[in-house]
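In numbering that gives the first Met the number 0, the protein residues as written are 0 to 257. By construction, the Cβ of each residue, glycine as well, lies at the ideal position given by its N, Cα and C atoms. Only one structure is covered here, and it is reproduced in the block below.
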Amino acid sequence: MRPRPRPPVNGRGIFSGTGLIVTALAATVVALLVPLWSYADRPDDPASASVLSERTVTTPYGPLSAQDRDFVTKVRLAGLWELPAGELAQRKGTTPAVRTAGRHLVDGHTSLDAHVRTVATQLGIALPNEPNEQQRQWLATLDTAEGQDFDRQFAGLLRLAHGRVFSLVAQIRAGTQNSLVRDLADDANATVLDHIKVLEATGYVDFAALARDLAASASPVPTPTEVDPSAAVPVEPSPAGPSAGRASQGQASQDQGP
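In structure tokens form, the structure reads like this:
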């Protein structure tokens, strides 16, 4: 007869099987937690810093995203070059329609700039005080242009810039969760649309070239190095601008009526 198998002593077989199960479970837990510990131990990882910098922050007016902050900065940047461009149009435009478009740019961005500075202060967003390099180049082009060449350059450059900004305003207005940014987008939308209409009314917009440029080019207002929002200097018409603007407006009124 074959010898019977010896029974486990003191239940060691049972405990041995249970031990294997516990060991396997512990290994699984370790495998799951190690990646999390490793990630937590790398606060200086550039990739991690990038993710953190893009996080939405909480404000009394609703969540404020990175896109919201960028939009506020770009509204400020638009005024920093479009208001001076409007002043140039009031002084140098050869037709009442060009001078009228210049007046609309000055009036619109004087009001919009006050709005964006208020929003930036309430949300703690830093604002630039000077146009970016591309915008300075555009102003230099307008400053040197004369006659009908100025009219064409003015209408073409400003209509292109407003076309780009118009799509950005719509994107932010559709998706922002912040009430202040939403109000600013409403204001910017009305201002930009008004400027688009008066620029097109000059008769100098080349719509075929505009379509190509809008399809091929990037945003005209890249975000610059930020500054303290409390130090943002108001964008206002230059001392010589109002008198020239009034003269242009008077002429436009005579030519075009109310």
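(request) Provide the residue(s) that pair with Val-56 in DSSP beta bridges, ordered along the chain. (result) Under DSSP, Val-56 shares a beta bridge with Leu-63.
(request) Assign Asp-148 to one of three DSSP states: helix, strand, or coil. (result) Of the three classes helix, strand and coil, the one that applies to Asp-148 here is helix, per DSSP.
(message) With the cut-off set at 8 Å, would you say Gly-92 and Asp-193 are in Cβ contact?
(response) Contact: no.
(message) Three or more C-beta pairs under 8 Å: does that hold for the region 175 to 191 against the region 67 to 74?
(response) Short answer: they touch.
(message) Just to confirm before moving on: does the CB-CB distance between Ala-77 and Gly-202 stay below 8 Å?
(response) Not closer than 8 Å, so no.
(request) Mind checking which residues open and close the alpha helix (DSSP H) that includes Ile-195? (result) Residues 178 to 199.
(request) Output the distance between the C-alpha atoms of Gln-121 and Gln-147, rounded to the nearest integer angstrom. (result) Straight across, the Cα-Cα distance linking Gln-121 with Gln-147 is about 43 Å.
(request) Label Gln-152 either buried or exposed according to how many other C-beta atoms from any shown protein chain fall within 10 Å of its C-beta, with 16 as the threshold for buried. (result) Gln-152 counts as buried, since at least 16 other C-beta atoms from the protein chains shown sit within 10 angstroms of its C-beta.
(request) Have a look at Val-260 and Phe-149 and give me their C-alpha separation to the nearest angstrom. (result) No information on residue 260 is available, as it lies outside the stretch 0 to 257 that the chain covers here.
(message) Quick check: Gln-89 and Val-105, are their CB atoms within less than 8 Å of each other?
(response) Yes.
(request) State yes or no: is the C-beta of Leu-198 within less than 8 Å of the C-beta of Val-191? (result) It is not a contact, given that the beta carbons lie outside the stated cut-off.
(message) Considering only the alpha carbon of each residue, which of Arg-163, Glu-129 and Asp-186 lies closest to Leu-82?
(response) Comparing Cα-Cα distances from Leu-82 to each of Arg-163, Glu-129 and Asp-186, the minimum goes to Glu-129.
(message) Mapping the DSSP letters down to three states, classify Val-204 as helix, strand or coil.
(response) DSSP places Val-204 in the coil class of the three-state scheme, outside both helix and strand.
(message) Given this structure, state the Cα-to-Cα distance separating Pro-223 from Arg-135, to the nearest angstrom.
(response) Confidence in Pro-223 is poor, its pLDDT being 42 and thus under 50, which makes the residue's placement unreliable; the coordinate value appears in the next sentence. Their backbone Cα atoms lie some 13 Å apart in a straight line.
(message) Does Ile-171 come out as helix, strand or coil in the three-state DSSP assignment?
(response) In this structure, Ile-171 counts as helix in the three-state DSSP scheme.
(request) Return the first residue and the last residue of the alpha helix (DSSP H) that Gly-107 is part of. (result) Run containing Gly-107: 95 to 122, per the alpha helix (DSSP H) assignment.
(message) Taking the alpha carbon of Asp-142 as the reference point, which residue from Ala-125, Ala-187 and Gly-85 has its own alpha carbon closest?
(response) The candidate whose alpha carbon is nearest that of Asp-142 is Gly-85.
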